[in-house]
C-alpha cells in the first residue's frame, strides 16, 4: 500500500518515557468488536507511540501525565526495510501531527461519594 491517510484516536496515557532522541508513550483504548451488533463487547488495547519531533516531545512531556485522556491526530505512513537477517520487512508508522488534552487526570480518590 503506498501513500498515506489520516487517523485520529482518543486514548488514555499509560506511561511516558523520555529518551535522548525519542519519547515513548504507552496508551490504552478500547476497540469495538462489531459496531453493527448492539451488545458488541469492547476489547482493551495497549499501543506504543514513539515521538521523534523535538517540539512535540517537549509539549507532551510538559502537558501530559499518565491517566490523561488525549485526542491524537496524524497520518499513517508505510514503508519497507531490510532487517539484520536480510529479510524484507514492512513498517506502518502512525505519525502524530497534533494532540488535544480532553481530560486531565487528577490524583485522588476515585469514588468522590465516599466519606473522607
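In the working numbering, the protein residues as written are 18 to 133.
Glycine included, every Cβ here is placed at the ideal spot set by N, Cα and C.
Only a predicted model underlies this, so the values are computations on that prediction, with no experimental measurement involved.
Checklist entry - Taking DSSP as the reference, what is the three-state secondary structure of residue 79? => result helix
Checklist entry - Going by alpha carbons, who is nearest to residue 92 out of 114, 107, 122, 108? => result 114
Item to check | Unbroken beta strand (DSSP E) run spanning residue 116, endpoints | outcome: 105–120
Checklist entry - Since residue 91 sits in a beta bridge, which residues does DSSP pair it with? => result 24, 113
Checklist entry - Near residue 109, what residues of its chain come up, given a Cβ to Cβ distance below 7 Å and the 5 sequence neighbours on each side ignored? => result 93, 95
Checklist entry - When the Cα of residue 116 is compared with those of 103, 74, 99, 98, which residue comes out closest? => result 74
Checklist entry - What is the rounded straight-line gap between the Cα of residue 82 and the Cα of residue 121? => result 8 Å
Item to check | The beta strand (DSSP E) enclosing residue 59, as first and last residue numbers | outcome: 59–68
Item to check | Beta-carbon proximity list for residue 105, same chain, < 7 Å, skipping 5 on both sides | outcome: 97, 99
Checklist entry - Per DSSP, what kind of secondary structure is residue 127 in: helix, strand or coil? => result At residue 127 the pLDDT is 44, less than 50, meaning the model places this residue with poor confidence; the figure from the coordinates comes in the next sentence. Three-state DSSP puts residue 127 in coil, outside helix and strand.
Checklist entry - Does the distance from the CB of residue 135 to the CB of residue 87 come in under 8 Å? => result Residue 135 cannot be examined here, being either before or after the span of the chain that is shown, 18 to 133.
Item to check | Rounded C-alpha distance that separates residue 31 from residue 72 | outcome: 21 Å
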